[in-house]
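Participant: Please find one structure pasted underneath; my questions will follow.
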Amino acid sequence: RREGGSRRLRQFRQRMLSEAQGRVQLISELHRGIEKGELQLFAQPIVNRERRVIGEEGLIRWFSSVLGTVAPDDFIPLAEQTGVIVEIGDWVLEEACRTLSAWSLDPARADLTFSVNLSERQLRVDGFGERVREIIARHGVRPDRLTVELTESVLHSDLDRTVGVLGMLRTEGVQSSLDDFGTGYSSLSYLQHLPVQQLKIDRSFVSSVVEDPHAAAIAQTIVWLGRNFHLQVVAEGVETEDQFSKLREIGVDAFQGYLFGKPRPVAERLLSA
Ligand code: C2E
Ligand code: CA
Ligand code: CA
Ligand code: CA
């Protein structure tokens with residue numbers, strides 16, 4: 328796998344990310360990269376309170392032959408602005424369902440769920456729900472094995488539309504999750520209307536949950552909210568045993584983070600037992 332590369336390459340990369348002209352270059356690099364198959368879907372395990380793997384979250388990686396490894400936070404926002412995220416998102420859904428289909432043949436994995444991150448932009452595409460249904464059907468996977476993760480940013484645009492799409496996915500059996508929960512600025516009242524089944528406590532609270540009583544109080548509040556709304560609560564970014572036991576004590580249902588496994592190529596997961 329490509330690392331940061333030479334200093335010249337790093338400087339080139341820096342320029343690409345910071346300057347307007349560089350961004351145009353980055354976009355055309357991204358288009359080229361997509362065509363050359365430089366995007367790869369990695370996945371990170373999600374475990375239950377007994378540390379047993381119950382699912383995985385798909386996380387995209389871009390190994391550019393020109394730029395080296397580009398982090399999602401450096402190219403997803405740009406892909407969202409230009410709209411190419413719609414194409415990328417379709418590919419991620421395909422990969423997710425391909426993976427679920429392979430798992431379904433393996434008794435040890437048949438019950439695992441696969442979560443994909445959705446951008447707000449994807450929800451705004453006409454017929455998005457039908458598209459998801461078609462991909463699921465074509466791969467012959469159980470819809471309730473697929474989870475879509477959304478951030479609160481989807482609530483700032485067209486709430487009716489979001490509720491409509493999530494409602495349709497719900498009818499199909501697809502689960503929805505609110506990612507980075509607690510970091511947005513939305514009012515909590517939307518929880519009444521939004522058909523979601525899972526809340527993910529943001530890593531910023533998890534990383535300080537042991538030392539900071541305020542972070543622990545926020546995690547506790549999210550767990551209470553989850554209980555009242557019958558939502559599964561997942562903690563992301565769990566890195567230490569102390570964080571794990573504190574979050575278990577608080578009542579969190581599921582956990583994700585380097586403590587249990589880093590994101591790895593999906594293909595590797597399919598092969599290793
Ligand atoms: P996210 O959905 O909040 O994903 C969690 C991020 O935390 C991932 O970063 C993951 O690698 C990282 N992480 C997991 N466990 C730990 C831990 O224990 N410690 C630390 N320090 N980090 C941990 P990553 O892979 O760089 O992804 C960043 C963001 O890019 C994601 O945040 C998500 O918003 C976006 N993204 C990734 N893949 C996709 C995709 O397929 N589609 C869309 N629309 N967005 C994606
Ligand atoms: Ca996520
Ligand atoms: Ca998150
Ligand atoms: Ca995030």
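Under UniProt numbering, the first residue of the sequence shown is numbered 328, with each subsequent residue one higher. Idealized CB from N, CA, C, for every residue including glycine.
Cβ of Asp506 within 7 Å of any heavy atom in ligand 2?
Facilitator: Yes, the Cβ of Asp506 comes within 7 Å of a heavy atom of ligand 2.
Participant: Using CA coordinates, which residue listed in Ile415, Asp507 and Arg451 is at the minimum distance from Asp487?
Facilitator: Ranking the options by Cα distance to Asp487, first place goes to Arg451.
Participant: Could you spell out the range, first to last residue, of the beta strand (DSSP E) harbouring Ala546?
Facilitator: Here Ala546 belongs to no beta strand (DSSP E); instead the alpha helix (DSSP H) covers Pro540 to Asn555.
Participant: Check the DSSP bridge columns for Ala347 and list the partner residues they point to.
Facilitator: In DSSP, Ala347 forms no bridge with anything.
Participant: Determine the direct distance from the alpha carbon of Lys363 to that of His541, and round the result to whole angstroms.
Facilitator: So the two alpha carbons sit approximately 47 Å from each other.
Participant: Taking the C-alpha atoms as reference points, what is the distance between Pro372 and Leu439?
Facilitator: Cα-Cα distance, rounded: 10 Å.
Participant: Considering Cα atoms alone, identify which of Arg465, Gly509 and Gln352 is closest to Gln547.
Facilitator: Among Arg465, Gly509 and Gln352, the Cα nearest to that of Gln547 is on Gly509.
Participant: Is the Cβ-Cβ distance between Glu476 and Asp529 less than 8 Å?
Facilitator: Contact: no.
Participant: Name the two residues that bound the continuous beta strand (DSSP E) containing Val533.
Facilitator: Unbroken run through Val533 is the alpha helix (DSSP H), Arg530 to Val533; no beta strand (DSSP E).
Participant: Please list the terminal residues of the continuous alpha helix (DSSP H) segment that includes Glu566.
Facilitator: Segment: none, Glu566 is in no alpha helix (DSSP H) and carries neither H nor E.
Participant: Pull up the distance between the alpha-carbon of Ser583 and that of Val492, whole angstroms please.
Facilitator: What sits at residue 583 in the sequence shown is Gln, not Ser. Rounded to the nearest angstrom, the two C-alpha atoms are 27 Å apart.
Participant: Would you grab the beta carbon distance between Gly385 and Glu422 for me? Rounded to a whole angstrom, and I think it's under 8 Å.
Facilitator: Contact holds; Cβ gap of about 7 Å.
Participant: Kindly provide the ranges of any alpha helix (DSSP H) runs that are 4 or more residues long and lie completely inside the stretch 467-514, ordered along the chain.
Facilitator: Qualifying alpha helix (DSSP H) stretches, in chain order: 486-499.
Participant: For the alpha helix (DSSP H) containing Ala398, name the first residue and the last one.
Facilitator: Taken as a continuous stretch (DSSP letters only), Ala398 belongs to no alpha helix (DSSP H), as it is neither H nor E.
Participant: Look at Val490 and Pro522 and say whether their C-beta atoms are less than 8 Å apart.
Facilitator: Contact: yes.
Participant: Is it buried or exposed, Arg328, if we count other Cβ atoms within 10 angstroms and call 16 or more buried?
Facilitator: Note that Arg328 scores a pLDDT of 43, beneath 50, so its modelled location is shaky and nothing firm can be said.
Participant: Answer with buried or exposed for Asp580, where buried requires no fewer than 16 other C-beta atoms within 10 angstroms of its C-beta.
Facilitator: Asp580 is buried by the Cβ-count criterion.
Participant: Quick check on this structure: which residue in Val393, Gly454, Lys589 and Val397 has the alpha carbon closest to the alpha carbon of Val413?
Facilitator: Cα-wise, what sits closest to Val413 is Gly454.
Participant: Would you mind working out which of Ser355, Asp485, Val501 and Ile403 sits nearest Tyr517, comparing C-alpha positions?
Facilitator: If we check each option's Cα against that of Tyr517, Asp485 comes out closest.
Participant: Does the distance between the C-beta of Gln583 and the nearest non-hydrogen atom of ligand 1 fall short of 7 Å?
Facilitator: Because some heavy atom of ligand 1 lies under 7 Å away, the Cβ of Gln583 counts as near it: yes.
Participant: Can you pull the DSSP bridge partners for Ile373?
Facilitator: Answer is Gly382 and Gln583.
Participant: Can you tell me the Cα-Cα spacing of Gln449 and Ala406, whole angstroms?
Facilitator: Those two C-alpha atoms are separated by around 11 Å.
Participant: Quick check: the Cα distance between Ser480 and Thr409, rounded to an integer number of angstroms?
Facilitator: Their Cα atoms are separated by approximately 17 Å.
Participant: If we count the other Cβ atoms within 10 Å of its Cβ and call it buried at 16 or more, is Lys589 buried or exposed?
Facilitator: It is exposed - the Cβ of Lys589 has fewer than 16 other Cβ atoms within 10 Å.
Participant: Rounding to the nearest angstrom, what Cα-Cα distance links Gly494 and Leu558 in this structure?
Facilitator: Going by the C-alpha atoms only, they are around 16 Å apart.
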